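Here the structure is laid out as structure tokens; the discussion comes afterwards.
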Amino acid sequence: MEKVFLVSGFRFARQEGSHRSYVKKGVARPVVIPTHDEVPVSIIRTNLKTAGICRNEYLRLLEKTK
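The sequence shown begins at 417 in the working numbering and counts up by one.
Dropping the structure here:
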């Protein structure tokens with residue numbers, strides 16, 4: 417999941433415990449991604465909404481990371 421946000425222009429800002437924050441100019445809030453093996457769908461959806469990325473764009477970016 418982190419790779420998707422990096423490909424879309426986010427940069428790593430900081431880490432607190434098992435959570436990493438990513439920021440991007442023009443996005444008001446940071447995207448916080450847990451470093452767990454499996455990330456719940458609800459967190460993915462929340463982060464996409466925060467980043468202003470639609471589902472189709474997410475799937476396109478996901479393909480780029482493979």
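Quick reminder that beta carbons are idealized off the backbone N, C-alpha and C, glycines included. All of these numbers come straight from a predicted model, not from anything done at the bench.
Own chain partners of residue i with C-beta closer than 6 Å, once the 5 adjacent residues on each side are dropped
i       : result
Ser-424 : Leu-477
Arg-471 : none
Option in the options with minimal Cα separation from residue i
i       : options                      : result
Arg-436 : Lys-419, Ala-444 and Gly-442 : Lys-419
Arg-445 : Asp-453, Leu-464 and Lys-482 : Leu-464
For residue i, the three-state DSSP class (helix, strand or coil)
i       : result
Arg-430 : strand
Ser-424 : coil
Proximity test, Cβ basis, 9 Å: residue i and chain C
i       : result
Lys-419 : Any reference to chain C falls outside this structure, which holds one protein chain only.
Residue i, enclosing beta strand (DSSP E) - first and last residue
i       : result
Ile-449 : 447-450
Val-443 : Run containing Val-443: none; DSSP gives neither H nor E here.
heavy atom of the ligand ATP below 8 Å from residue i C-beta
i       : result
Asn-472 : Only the bare structure without any ligand can be found here, which leaves the ligand ATP out of the picture.
Residue i vs residue j beta-carbon contact at 9 Å
i       : j       : result
Arg-427 : Val-439 : yes
Own chain, CB closer than 8 Å to residue i, minus 5 neighbours either side, in chain order
i       : result
Ala-467 : Phe-421, Ser-424, Phe-426, Lys-440, Val-443 and Val-447
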